[in-house]
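**Q**
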Amino acid sequence: MNRFAKPWGTVLAAATLAAMMFFVNLSATFLVPADSAMGDAQRIVYVHVSVAWLSLVGFLVMAGTGIQYLRHRDLTWDCWSQSAAELGWLTCTLTLVTGAHWAHEAWGTWWTWDPRLTTAFILWMLYSACLTIRVSVKDSHRRAKFSAVVAIVGLLDIPFVTMATTWFRGIHPVAPDMEPAMRIVLVATAIGYAVFLGLLLIQRQRQIQLEIAIDALVRDTLRVSEDAMHSASPELSDQYEYLEHEKEYCG
Numbered sequence: 004m005n006r007f008a009k010p011w012g013t014v015l016a017a018a019t020l021a022a023m024m025f026f027v028n029l030s031a032t033f034l035v036p037a038d039s040a041m042g043d044a045q046r047i048v049y050v051h052v053s054v055a056w057l058s059l060v061g062f063l064v065m066a067g068t069g070i071q072y073l074r075h076r077d078l079t080w081d082c083w084s085q086s087a088a089e090l091g092w093l094t095c096t097l098t099l100v101t102g103a104h105w106a107h108e109a110w111g112t113w114w115t116w117d118p119r120l121t122t123a124f125i126l127w128m129l130y131s132a133c134l135t136i137r138v139s140v141k142d143s144h145r146r147a148k149f150s151a152v153v154a155i156v157g158l159l160d161i162p163f164v165t166m167a168t169t170w171f172r173g174i175h176p177v178a179p180d181m182e183p184a185m186r187i188v189l190v191a192t193a194i195g196y197a198v199f200l201g202l203l204l205i206q207r208q209r210q211i212q213l214e215i216a217i218d219a220l221v222r223d224t225l226r227v228s229e230d231a232m233h234s235a236s237p238e239l240s241d242q243y244e245y246l247e248h249e250k251e252y253c254g
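Going by the working numbering, the residue at position 91 of the sequence shown is 94; the numbering climbs one at a time, nothing skipped.
Written out as structure tokens, the structure reads:
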């Protein structure tokens, strides 16, 4: 069986996930009572808290797979690291956006340099740095090494994000004050998003591996074609070199 394509498993997982997410969103929208202080605006907390924790998990996965790459020099680990970096950047961005909307309703401002917000923003910049390295460094192993180093150094920010409300004085709440029904929906939402992003992580890692395999196949095919052209006829070889020279000259 092709290890890159398992359609029935993907369809089943997607269908299960769709049903789970539908129930979670239905519960958060209709079944759970509105907050007494913030009203319906409080419902964004279910998404905000879920993606915030997943952004931390994503960074741990990115750093952990980066460490494995540095140990084994196997680009398979870097594929996992890249997948975690992309999804982690997405969840961290959603954390900042949903947090800004919640802050506007709760504090009357879209942003404040609260310790929790500041450390979360630093986490977002670390994710962005890893993605920038991936699009700017062309050599696969150098790209993997630099990304892994940034991720490992960035682990220093994780304790500050999680403990910011305890270690520093700020206005961000330590923990949301919720009724039991709200907590159940929050946990269900977090599980739903975790399953969803876990599936995306696996699928994206397979896609990256497939892209690498295709690129390698294309390079090998071109190399064989060039060798065949050079050995077939000196005239064709000269014409090919001339065309390559013109191609480089024209940009």
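Built from N, CA and C at the ideal position, the CB exists for glycine as well.
Since we're looking at a predicted model, the values are computed, not measured.
Where do the ends of the alpha helix (DSSP H) carrying I47 lie?
**A** Unbroken alpha helix (DSSP H) run through I47: 47-75.
**Q** Any idea if V164 is buried or exposed, counting beta-carbon neighbours within 10 angstroms, 16 or more meaning buried?
**A** By the 10 Å Cβ count, V164 comes out buried.
**Q** Which value, in whole angstroms, describes the spacing of the CA atoms of T96 and R145?
**A** Taking the straight line from one Cα to the other gives about 27 Å.
**Q** Go ahead and pull the three-state DSSP assignment for K141.
**A** Coil.
**Q** Hey, Q208 and S58: beta-carbon distance below 7 Å or not?
**A** Cβ distance not < 7 Å, so Q208 and S58 don't count as in contact.
**Q** Specify the secondary structure class of M4 as computed by DSSP and reduced to three states.
**A** Residue confidence is low: M4 scores 43 on pLDDT, short of 50, so the model does not pin down where it sits. No coordinate-derived value is stated.
**Q** Report, in whole angstroms, the separation of the C-beta atoms of T68 and W83, which I expect to be a contact under 8 Å.
**A** T68 to W83, Cβ: 4 Å. Contact.
**Q** Thinking C-alpha only, which one of P176, R226, M181 is nearest W110?
**A** When only C-alpha atoms are compared, the closest one is P176.
**Q** Out of curiosity, what's the CA-to-CA distance linking S150 and V35?
**A** In a straight line, the C-alpha of S150 is about 42 Å away from that of V35.
**Q** Only counting runs of 4 or more residues, tell me where the alpha helix (DSSP H) segments fall wholly within the region 151-238, in order along the chain.
**A** Listed in chain order, the complete alpha helix (DSSP H) runs (minimum 4 residues) inside the region 151-238 are 160-170, 183-235.
**Q** Straight-line CA distance for W116 to Q210?
**A** Cα-Cα distance, rounded: 38 Å.
**Q** Buried or exposed: which applies to P118, given that a residue is buried once 16 or more other Cβ atoms fall within 10 Å of its Cβ?
**A** It is buried - the Cβ of P118 has at least 16 other Cβ atoms within 10 Å.
**Q** Kindly indicate which residue of E89, L120, L90 has the alpha-carbon position closest to the one of H104.
**A** For the residues E89, L120, L90, the minimum Cα distance to H104 belongs to L120.
**Q** Can you list, in chain order, the residues of its chain whose CB lies under 8 Å from that of T122, leaving out five sequence neighbours each side?
**A** Answer for T122: D160, F163, V164, A167, listed in chain order.
**Q** Would you mind working out which of L225, D218, M181 sits nearest Q45, comparing C-alpha positions?
**A** Selected option, being the one with the closest Cα: M181.
**Q** So what does DSSP say about W114, is it helix, strand or coil?
**A** In the structure shown, W114 sits in coil (DSSP, three-state: anything other than H, G, I, E or B).
**Q** Between A66, V156, W80, which has its C-alpha nearest Y255's C-alpha?
**A** Within the shown structure, residues of the chain are numbered from 4 to 254, placing residue 255 beyond reach of any answer.
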